[in-house]
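Per my numbering, the very first residue in the sequence shown carries number 508; after that it's consecutive.
For each residue, glycine too, the CB sits at the ideal point set by N, CA and C.
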Amino acid sequence: MSSTALPHAGKGDKLVLAVPKGRILKELRPLMQKVGIEPEPAFDDPASRQLRFATSNPSLDLIRVRSFDVATFVAFGGAHLGIAGSDVLEEFDFEEIYVPIDLNIGHCHLSVAELKEFAEQDDPQRWSHIRVATKYPNITRRHFAAHGIQAECIKLNGAMELAPTLGLCRRIVDLVSTGATLKANGLVEIERIMAVSSRLAVNRPALKTMPDAVGGWIERFEAALTHHKIAS
Ligand code: PRP
Numbered sequence: 508m509s510s511t512a513l514p515h516a517g518k519g520d521k522l523v524l525a526v527p528k529g530r531i532l533k534e535l536r537p538l539m540q541k542v543g544i545e546p547e548p549a550f551d552d553p554a555s556r557q558l559r560f561a562t563s564n565p566s567l568d569l570i571r572v573r574s575f576d577v578a579t580f581v582a583f584g585g586a587h588l589g590i591a592g593s594d595v596l597e598e599f600d601f602e603e604i605y606v607p608i609d610l611n612i613g614h615c616h617l618s619v620a621e622l623k624e625f626a627e628q629d630d631p632q633r634w635s636h637i638r639v640a641t642k643y644p645n646i647t648r649r650h651f652a653a654h655g656i657q658a659e660c661i662k663l664n665g666a667m668e669l670a671p672t673l674g675l676c677r678r679i680v681d682l683v684s685t686g687a688t689l690k691a692n693g694l695v696e697i698e699r700i701m702a703v704s705s706r707l708a709v710n711r712p713a714l715k716t717m718p719d720a721v722g723g724w725i726e727r728f729e730a731a732l733t734h735h736k737i738a739s
């Protein structure tokens, strides 16, 4: 991917920060404010179809994309920086991405779950081959392979919790935050694969070619987090 990984996101010297859609934005906005990033009003307008946004800082634009796509935009140099979950970063494991900071937001777990009534008689010690519905086939295969279990993954992009009741498989691997989605679908968590939090992701070639500009944002995020820790 080296020929496509060079940063080419900017109009002129503008940097691009990719942020994920969805729930995480609620936690991310106060941190962005501390870092000094105030997006233009369209960012908060649900009627707007805009995907790229100017900010209070004339040298920084935001793009808002799906959480899985943040890593891809950063790895291919479409964005110089991004906010991505450690789950997504580990799933893709792009060598073009440098991950300097744990932002200490978006905490949840990546877990194995199955139907409650099935879990009561299931014995993970006896698994040798299992079928799993997940958005995370790489992490899932690696995790089970390390325990001598072959995992056959059915790739879904959402609503994994439906798969066991509809007979696609017996187990799923998905994010668990409050546990409400598992509960509402008759599932229980039987194993935690990894703890997840949001990270600052940086395109390595961008940091090399624009050390002051890109490095400056890393420092601002670091300072905002230190300040946050002292204040709380
Ligand atoms: C995530 C995840 C679970 C749910 C877990 O989905 O895939 O379905 O959140 O959260 P909970 O434990 O608090 O119920 P999300 O709502 O982000 O949508 P997605 O299916 O599009 O990923």
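Nearest-angstrom Cβ-Cβ length linking residue i and residue j, presumed shorter than 8 Å
| i | j | result |
| --- | --- | --- |
| residue 708 | residue 577 | 7 Å |
| residue 560 | residue 552 | About 10 Å; that fails the 8 Å criterion. |
| residue 613 | residue 555 | Not confirmed; about 24 Å, so no contact. |
| residue 626 | residue 697 | 6 Å |
Proximity below 9 Å, CB of residue i to CB of residue j
| i | j | result |
| --- | --- | --- |
| residue 620 | residue 694 | yes |
| residue 505 | residue 608 | Look at the range of the chain in this structure, 508 to 739, and you will see that residue 505 is not part of it. |
| residue 604 | residue 596 | yes |
| residue 713 | residue 587 | yes |
| residue 574 | residue 527 | yes |
| residue 677 | residue 661 | no |
| residue 602 | residue 642 | no |
| residue 732 | residue 672 | no |
| residue 653 | residue 636 | no |
Neighbour-count burial assignment, residue i, 16 or more Cβ in a 10 Å radius
| i | result |
| --- | --- |
| residue 702 | exposed |
| residue 723 | exposed |
| residue 585 | buried |
| residue 710 | buried |
C-alpha distance - residue i paired with residue j, whole-angstrom precision
| i | j | result |
| --- | --- | --- |
| residue 684 | residue 700 | 13 Å |
| residue 616 | residue 682 | 6 Å |
| residue 530 | residue 538 | 14 Å |
| residue 565 | residue 667 | 41 Å |
| residue 716 | residue 580 | 18 Å |
| residue 518 | residue 632 | Its pLDDT being 49, under 50, residue 518 is placed unreliably by the model, and nothing is read from it. |
| residue 680 | residue 557 | 33 Å |
| residue 644 | residue 548 | 38 Å |
| residue 521 | residue 570 | 12 Å |
| residue 726 | residue 532 | 21 Å |
| residue 534 | residue 525 | 15 Å |
Neighbour flag for residue i against chain B, beta carbons, 9 Å
| i | result |
| --- | --- |
| residue 655 | No chain B is present in this structure, which holds just one protein chain. |
In chain order, what are the residue ranges of uninterrupted beta strand (DSSP E) at least 3 long that sit wholly in the stretch 558-631?
559-561, 567-572, 588-592, 604-609 and 615-622
What are the start and end residues of each continuous beta strand (DSSP E) run of 3 or more residues lying completely inside the stretch 649-708, in chain order?
Qualifying beta strand (DSSP E) stretches, in chain order: 657-662, 678-683 and 694-703.
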